[in-house]
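Residue numbers (the working numbering), protein chains in the order written: chain A, 1 to 413; chain B, 414 to 826.
Here a beta-carbon is modelled for each residue, glycine too, at the ideal position from N, C-alpha and C.
Remember, it's a predicted structure, so these values are computed and weren't measured experimentally.
What follows is one structure encoded as structure tokens, with my remarks underneath.
Number of protein chains: 2
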Amino acid sequence: MPLDAAACDRLDEAPGPWAAWRSRLAGGEPGTLYLDANSIGPMPVDVPQRLQALLDGGWRKARRRGWTALNWLDQPRALGAALAPLIGAAPDDVRVADSTSVNQYKLLRHALAAAAPRRVIVLEREVFPSNRYVAEGLAQAGLADLRFVNDAASGLAEALAPGDVAVVALSHVDYRSSTRLDMAALTAQAHAGGALALWDLSHSAGAVAVHLRHCEADLAVGCGYKYLCGGPGAPAFLYVHPRLQQAAWPAIAGWMGHADTFAFAAGYRPAPGPDRWLAGTPAVLANTAFEAAAAIWQDVDPAMLDARHRSLTDTLVQLLDEQCGGFGLALASPREHARRGGHVALRFEGAAPLAQALAEQGVVVSARRPDALRLGVHPLATTHADLWLAVQRLQRVLKDGTWQAPRFAGPAI
Amino acid sequence: MPLDAAACDRLDEAPGPWAAWRSRLAGGEPGTLYLDANSIGPMPVDVPQRLQALLDGGWRKARRRGWTALNWLDQPRALGAALAPLIGAAPDDVRVADSTSVNQYKLLRHALAAAAPRRVIVLEREVFPSNRYVAEGLAQAGLADLRFVNDAASGLAEALAPGDVAVVALSHVDYRSSTRLDMAALTAQAHAGGALALWDLSHSAGAVAVHLRHCEADLAVGCGYKYLCGGPGAPAFLYVHPRLQQAAWPAIAGWMGHADTFAFAAGYRPAPGPDRWLAGTPAVLANTAFEAAAAIWQDVDPAMLDARHRSLTDTLVQLLDEQCGGFGLALASPREHARRGGHVALRFEGAAPLAQALAEQGVVVSARRPDALRLGVHPLATTHADLWLAVQRLQRVLKDGTWQAPRFAGPAI
Numbered sequence: 001m002p003l004d005a006a007a008c009d010r011l012d013e014a015p016g017p018w019a020a021w022r023s024r025l026a027g028g029e030p031g032t033l034y035l036d037a038n039s040i041g042p043m044p045v046d047v048p049q050r051l052q053a054l055l056d057g058g059w060r061k062a063r064r065r066g067w068t069a070l071n072w073l074d075q076p077r078a079l080g081a082a083l084a085p086l087i088g089a090a091p092d093d094v095r096v097a098d099s100t101s102v103n104q105y106k107l108l109r110h111a112l113a114a115a116a117p118r119r120v121i122v123l124e125r126e127v128f129p130s131n132r133y134v135a136e137g138l139a140q141a142g143l144a145d146l147r148f149v150n151d152a153a154s155g156l157a158e159a160l161a162p163g164d165v166a167v168v169a170l171s172h173v174d175y176r177s178s179t180r181l182d183m184a185a186l187t188a189q190a191h192a193g194g195a196l197a198l199w200d201l202s203h204s205a206g207a208v209a210v211h212l213r214h215c216e217a218d219l220a221v222g223c224g225y226k227y228l229c230g231g232p233g234a235p236a237f238l239y240v241h242p243r244l245q246q247a248a249w250p251a252i253a254g255w256m257g258h259a260d261t262f263a264f265a266a267g268y269r270p271a272p273g274p275d276r277w278l279a280g281t282p283a284v285l286a287n288t289a290f291e292a293a294a295a296i297w298q299d300v301d302p303a304m305l306d307a308r309h310r311s312l313t314d315t316l317v318q319l320l321d322e323q324c325g326g327f328g329l330a331l332a333s334p335r336e337h338a339r340r341g342g343h344v345a346l347r348f349e350g351a352a353p354l355a356q357a358l359a360e361q362g363v364v365v366s367a368r369r370p371d372a373l374r375l376g377v378h379p380l381a382t383t384h385a386d387l388w389l390a391v392q393r394l395q396r397v398l399k400d401g402t403w404q405a406p407r408f409a410g411p412a413i
Numbered sequence: 414m415p416l417d418a419a420a421c422d423r424l425d426e427a428p429g430p431w432a433a434w435r436s437r438l439a440g441g442e443p444g445t446l447y448l449d450a451n452s453i454g455p456m457p458v459d460v461p462q463r464l465q466a467l468l469d470g471g472w473r474k475a476r477r478r479g480w481t482a483l484n485w486l487d488q489p490r491a492l493g494a495a496l497a498p499l500i501g502a503a504p505d506d507v508r509v510a511d512s513t514s515v516n517q518y519k520l521l522r523h524a525l526a527a528a529a530p531r532r533v534i535v536l537e538r539e540v541f542p543s544n545r546y547v548a549e550g551l552a553q554a555g556l557a558d559l560r561f562v563n564d565a566a567s568g569l570a571e572a573l574a575p576g577d578v579a580v581v582a583l584s585h586v587d588y589r590s591s592t593r594l595d596m597a598a599l600t601a602q603a604h605a606g607g608a609l610a611l612w613d614l615s616h617s618a619g620a621v622a623v624h625l626r627h628c629e630a631d632l633a634v635g636c637g638y639k640y641l642c643g644g645p646g647a648p649a650f651l652y653v654h655p656r657l658q659q660a661a662w663p664a665i666a667g668w669m670g671h672a673d674t675f676a677f678a679a680g681y682r683p684a685p686g687p688d689r690w691l692a693g694t695p696a697v698l699a700n701t702a703f704e705a706a707a708a709i710w711q712d713v714d715p716a717m718l719d720a721r722h723r724s725l726t727d728t729l730v731q732l733l734d735e736q737c738g739g740f741g742l743a744l745a746s747p748r749e750h751a752r753r754g755g756h757v758a759l760r761f762e763g764a765a766p767l768a769q770a771l772a773e774q775g776v777v778v779s780a781r782r783p784d785a786l787r788l789g790v791h792p793l794a795t796t797h798a799d800l801w802l803a804v805q806r807l808q809r810v811l812k813d814g815t816w817q818a819p820r821f822a823g824p825a826i
């Protein structure tokens, strides 16, 4: 039976503290539907108060005393501990710091050091460009060799066969199609080939279930400003399995990664745990905004989050099938939830102008070259009713047809 | 003639828009004197409004549209351009991104690439520890060799003699004594020895005159949260001389450093200018706070700033001489302003407990092992009258003597 608005409303009433959790996230412009949590997640309602307290009590009054009196130095660890359950990690194995690209660099270098003399990095050819660029930079500097596979699921065996692979660096979820890789199987395959597995969780953490420890993943990084709601350009996170935490010095050996930062010792001595991957001073302002989201995540059951995401995206897929089937859009994401990440993607030649036309109708989505239209679903913020309305508007735009100007929008993260 | 309170008041009335500039920076706790701009500079008064606008109009309402509609992607360049005059750089040669340590890493790697096959980094033995650690990390990874000198001014010639030095990495101002090195002379000496010069401006930018281009400096990094008033843990800056901007790929090749980020091209192609040293997504929240300070700096004449700093720190040195001469404190900083950086340092065995006792009397300063007491002077925020009061309180604490518990305070940046 086709879904209607009432059925979507009923799905929103499923048991669980959904209304309470949703109420901790701020709404946007009235009438606008935000399907862009894969770009920037919603703002926790208490971010303004937390920042105001930091500005007034911290920056203005405490000044340098804030480093200790206000625990600023502990933020990278405390934030990591708060996010750890969402990604199936132990609290002490995660840190929040720097950007995803910088963390990708640190952990690729760590993998290369730990797996020496192996020096091959295996990547999917169509991986998120920044991940590829970081690896290309290492190759350019003579620090690694690269090997590309079209598809990890089918191509990893051959890539591992020569026995020279240091690390397989995979996106858990593809940034265009939202295809989710089988972390347990591919990690096991990497290990069987003598390689480490580094996972980028940018498009899964905070949206769907992630089980780093259960999957025996070695290393992981991920974005703070998408589903995790850390704020525009928020610091990223990194994870290192305990068995690898002491394998080598960090590539970027900074004072915050020293075993005793404030001894100001003449020689670098890496901190025993993942603190060693902290390099410079913590980004206190950004971390303070991120703490608002971390406080929400600490109250959320990751299994419930995953179930909600499944209900929402299954609904979205069904609505797209039922209401937009005749307009030349193809579902780019897998139909099976276990193989799908945070967003639902459509394949459509005019994805970019369609995204622009949708924005004008109050539906914020994004497009990616060459033909991906991405609808980002946030399990805490998006409702089934939102999806009903968004698909109605999409259908109207498609019927209207006036959007078909041949424009691929400029920069859009 | 000894200085008195009235003389300090008269110095505050020197010609110039000092009151107007000072009014753009927020005061702290009533009665507290902040001599810690070398740790965290004061907050511009309009930071709260700017952040509120970002949270409400950007994060909450614009969401992903902010990347383009609100110019978030342009922040690293625009902030760099605003700071450039303070450090004697052309607007397009500076970028704001990442932390000082990460930028130090990037530019040391760049120097090594540009100067290959030379692979020696020369450092002062007592340089700020994080600078040393970053270099030690490179040596540990086999990417560089290190050579230490006790004192650049006297030891550089010998260090350069073997002809194998890629880069001389110096702090413009020593974090303990506040000794300022002669940038022009040492850069020329490095060049004569076939080496590049990388300067850390953390303790000079925003406090005293810096002339990177005039001095022919090759590379520079510096802290955003000290004199520059970017906020606790603010992003740092980096500078690359135009003649070196295309010398090599960046060590950390990320999407924001690509020549055409949003083409999502398969291969990395470095941006032609200093954008190539941007790696991950800009820290929008932190950058927005920093924009408040940048707006002030754009109105400040660097030569006037330097003159004011000279007047303030000359006054402080004289007051310390006159009022605290008999208590075993020695001036650790040079008496000549051209050889002195942002703060004034005293050498005193009980520096740490004395700093603590001063804090209890409402004077915020810092101590550094083994015996440095640092009084940070901000040319826009500190007044001569503040210095009079602070030295009065210091004299009282010294006379009182009850502070002499043998405690070296814990972490304090």
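What whole-angstrom Cβ distance do residue i and residue j have, given they're in contact under 8 Å?
i, j, result
"A/L11", "A/T315", "6 Å"
"B/V366", "B/P648", "Coverage of chain B is limited to positions 414 through 826, which leaves residue 366 of chain B absent and any answer about it impossible."
"A/S101", "B/G667", "4 Å"
"B/Q488", "B/V697", "7 Å"
"B/T694", "A/G233", "5 Å"
"A/D200", "A/H172", "6 Å"
Quick check on the burial criterion: 16 or more other C-beta atoms within 10 angstroms. Buried or exposed for residue i?
i, result
"A/K61", "buried"
"A/Q298", "exposed"
"A/M1", "exposed"
"B/N484", "exposed"
"B/Q465", "exposed"
"B/H627", "exposed"
"B/A450", "buried"
"A/R369", "exposed"
"B/D564", "exposed"
"B/P504", "exposed"
"B/G755", "buried"
"B/G637", "buried"
"A/P406", "Residue placement at A/P406 is poorly supported in this model, since its pLDDT is 48, which falls under 50; the coordinates are not used for a value here."
"B/S746", "buried"
"B/R522", "buried"
"B/A433", "exposed"
Whose Cβ in chain A lies nearer than 8 Å to the Cβ of residue i?
i, result
"B/F677", "P129, R368, R369"
"B/D613", "None at all; the shortest Cβ gap to chain A is about 12 Å."
"B/D511", "D98, S99, V102, G280"
Taking Cβ-Cβ distances shorter than 8 Å, what residues in chain B pair up with residue i?
i, result
"A/I252", "S514, V515, Y518, V547, G550"
"A/V47", "L468, W472"
Strictly below 9 Å CB to CB, what residues from chain A border residue i?
i, result
"B/A491", "The contacting residues do not exist; B/A491 stays about 14 Å from chain A at best."
"B/Q553", "A248, W249, A253, Y268"
Could you work out which residues of chain B lie near residue i, taking near to mean beta carbons separated by less than 7 Å?
i, result
"A/V284", "P645, G646"
"A/E29", "K474"
"A/L51", "L464"
"A/A26", "R473"
"A/A190", "Going along chain B, no residue has its Cβ under 7 Å from A/A190, so there is no contact; the nearest lies around 23 Å."
"A/A289", "L698"
"A/M43", "L468, W472, R473"
Going along chain B in order, which residues have a C-beta closer than 9 Å to the C-beta of residue i?
i, result
"A/H172", "Within 9 Å Cβ-Cβ: nothing; A/H172 doesn't reach chain B, min ~18 Å."
"A/M415", "Coverage of chain A is limited to positions 1 through 413, which leaves residue 415 of chain A absent and any answer about it impossible."
"A/H258", "P542, S543, Y546"
Next item on the list: Run through the region 101–128 of chain A for me and flag every whole beta strand (DSSP E) of 3 or more residues, listed as ranges in chain order.
Entry: Here the runs fully enclosed are 120–124.
Margin query: In chain order, what are the residue ranges of uninterrupted beta strand (DSSP E) at least 3 long that sit wholly in the region 276–343 of chain A?
Written below: Fully enclosed beta strand (DSSP E) runs of 3 or longer: not present.
Notebook entry, point to check: Per the contact definition of three or more C-beta pairs closer than 8 Å, is the region 185–194 of chain A in contact with the region 161–174 of chain A?
Noted result: Pairwise C-beta distances place the region 161–174 of chain A in contact with the region 185–194 of chain A, as three or more of them are shorter than 8 Å.
Next item on the list: Answer yes if the region 757–767 of chain B comes into contact with the region 580–596 of chain B, meaning at least three C-beta pairs across the two stretches below 8 Å, and no otherwise.
Entry: In short, these stretches touch, since the Cβ pair count reaches three.
Item checked: Completely contained alpha helix (DSSP H) runs for the region 166–235 of chain A, where each covers 4 or more residues -> Counting whole runs of 4 or more residues, the region 166–235 of chain A contains the alpha helix (DSSP H) stretches 183–192.
Next item on the list: Inspect the CB distances between the region 6–25 of chain A and the region 385–397 of chain A and report whether three or more fall short of 8 Å.
Entry: Yes, they touch.
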